[in-house]
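Worksheet for the structure shown next.
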Amino acid sequence: MLHILTSTSTKIAASVKISQATDESKNILRLEFKDEAAQSPNFIHSADPISGLRNRNFLMTELDNCISKASQGGHDSHLLYLTLDAYKTVFNAHGSEGTDLLSQQIGNFLQTFLDPALHPMSHLEDEAYGIILPSSNLETAHSIAKDLASSINQLRITLGTETLSTQCSIGIAILNENTVRSSEALSRARMAAKDIQHRDTSDNATNVYRSHSSLTRRNNHYSATEVMVDAIKHNRFTFLFQPIVPLNCDDRIPSYELLLRLVDDKGKEMQPSTFLDPLHNDKLLSRMDQWVLDKATHLLRDAIIDKRRSRLFINITGITLRNKSILIKLSEQLRSLRLPADHLVFQINESDALSSPEYFKAFAKALKSLHCKICLKHYGSSSESQHLLALAKLDFIKLDPNFMKDMLSQTMTLDQQHELLDPLKERNLTLIMPMVESTQIMSSLFKLGIHYVQGYYLQPPRPKMDYVFFED
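The sequence shown maps to residues 1 to 472 in full-length UniProt numbering.
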């Protein structure tokens, strides 16, 4: 086995076949090089055709392997989560042609900067890339990340008469015996990268995920805490509503997802990631979830009074899975307001459920005893998704948006699609596809048996529940 450099400056592991041949009556030796990885069926299934790297599923599997080794001691490593700061700017200016070229060049560059055979790497989604560094030394990982960020900053990519460039933010998560799940590691590295983007700096940078005692995280924590306290005190939260529309089922009850927004001093709506990601105050998160639940139950009551019966999908944070008091209050509200409990659907993030499986199991059981519905969202975002199906009696599954992206890019075969969906159908679970933004995918989703769709193609989030579900 040899490591060779291709014409695109990409390192590959190749086998060499030597044979005798003739050329113009001269005896020569013919050398045939084969990319061993590209010949593997596993590579085809895990390839990302745009960047030339592997896809998200590949990295999650590699993370599982690293975490398994680390749990035995002495095999620590690090995960880099790299985001391209200019991705959205390039897309707005040049569309998919620009972002595809950017992704291709970044993919080529990463494979020359680090050996993919030693450093598993993948194109996670749009602007995000993941790289596993086998080194157990944090200083070494930090040094590699800083050199990588600096090198990407110097890249210049030609598109027609224009030149593209981007800075990047790199979050670092340590993989050791304390790392429980691959989804947790990815979330930590992503959080570290987002912290950089919230800083007041024009330079790209690297950041290591640390506990709450970290100075950077502590400053963000205090700032976010003040914002949350003020929002709860002065009732500055609000809802937007996005319809969840039947595609493959006959449902006469309109369904909406409640999307939380915070209104700042200037009346501008803030996305949840702006005020939730830096926050590490369990009591405040519980208070926020309680506020959401209080408002949702009263919205449901008002809709029933106005003879506008609706099903509401409510998002809760992971900390609420541990909060028994919120269930006690919910029981009282359902009884006092005389609400149909099955019109309330609690959306739980897959990563939260995997991080606290026993709490998830107990919380789901309590919800079912109240006759509320449960939706597991971002399903399929990790290799452990099916593990959760045995823990709780679920009603809805909201698939991870990457499922649709893989369908559109044809990186997921029909067999792989059925491999993910068939266990869900066998349990009679209702399937929802979010982030549907065009008609291109609708017929495929229908053929796959997806029950509901949601996204900007149908209607963007609005301040009122005003989608026309049924024509009289």
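Where is the CB? At the ideal position from N, CA and C, for every residue including glycine.
Nearest to Asp100 by C-alpha distance, out of Leu84, Phe113, Asp115, Leu114, is Leu84. Leu421 and Leu408 do not touch by the CB rule: their CB atoms are close to 16 angstroms apart, not below 8 angstroms. Taking 8 angstroms as the cut-off, the Cβ atoms of Leu260 and Ala231 do not count as close. When secondary structure is reduced to three states using DSSP, Ser169 falls in the strand class. Judged by their CB atoms, Leu354 and Ser382 are nearer to each other than the 8 angstroms cut-off. Per DSSP, the continuous beta strand (DSSP E) segment holding Phe239 begins and ends at 237-246.
In this structure, the straight-line span from the alpha carbon of Ser385 to that of Asp400 is close to 11 angstroms. Rounded to the nearest angstrom, the gap between the Cα atoms of Leu284 and Leu414 is 44 angstroms. By the CB criterion at 8 angstroms, Arg56 and Leu124 fall inside the cutoff.
Separation of Arg301 and Leu337 (C-alpha to C-alpha, rounded to the nearest whole angstrom) is 7 angstroms. Between Ser286 and Ile326, the beta carbon gap of about 7 angstroms places them in contact (Cβ cut-off 8 angstroms).
The C-alpha of Leu79 lies about 29 angstroms from the C-alpha of Ala390. Taken in chain order, the whole alpha helix (DSSP H) runs of length 4 or more contained in the region 348-403 are 350-355, 357-369, 385-389. The beta carbon of Phe469 sits closer than 6 angstroms to those of Pro254, all from its chain and outside the five residues before and after it, given in chain order.
Thr206 is a Cβ neighbour of Ile170, given a cutoff of 8 angstroms. By the Cβ neighbour-count rule, Cys372 is buried, with 16 or more other Cβ atoms within 10 Å of its own. Between the region 159-168 and the region 63-75 there are fewer than three inter-stretch CB-CB distances shorter than 8 angstroms, so the stretches are not counted as touching. Where Ser77 is concerned, the enclosing beta strand (DSSP E) starts and stops at 77-84. Around the Cβ of His451, a 10 Å sphere holds 16 or more other Cβ atoms; the residue is buried. CA-CA distance, Trp291 to Pro243, rounds to 22 angstroms. Apart from the 5 residues on each side of it in sequence, Pro434 sits with its Cβ closer than 7 angstroms to the Cβ of Lys398, Pro401, Gln454, Gly455 in its chain, given in chain order. When DSSP states are grouped into helix, strand and coil, Arg309 belongs to the coil group. Rounded to whole angstroms, Ser438 and Glu177 show a C-alpha spacing of 44 angstroms.
Here the alpha carbons of Ile441 and Glu257 stand approximately 21 angstroms from one another. Counting of Cβ neighbours within 10 angstroms places Val229 among the exposed residues, the total staying below 16. The Cβ atoms of Leu448 and Gln416 lie no closer than 8 angstroms to each other. Judged by their CB atoms, Leu133 and Leu53 are not nearer to each other than the 8 angstroms cut-off.
Put simply, of Pro463, Ala303, Gly318, Thr320 the residue whose alpha carbon is nearest the alpha carbon of Pro340 is Ala303. Ile319 and Ile157 have their C-alpha atoms spaced approximately 44 angstroms apart. Cβ atoms of Ser182 and Asp342 stay farther apart than 8 angstroms, at about 34 angstroms. Taking Tyr129 as reference, the option from Gly95, Gly98, Ser187 with the minimal CA-CA separation is Ser187. Closest in alpha carbon position to Ser77, among Lys88, Thr89, Tyr87, Glu62, is Glu62. Using a 10 angstroms sphere on the CB of Lys377, the tally of other CB atoms reaches 16 or more, which defines it as buried. Distances from the CA of Asn323 to each of Leu312, Phe363, Arg308 were compared; the closest alpha carbon is that of Phe363. With respect to the 8 angstroms criterion, Met121 and Ile131 are classified as neighbours on the basis of their beta carbons. One Cα belongs to His142, the other to Leu59, and the distance between them is close to 20 angstroms.
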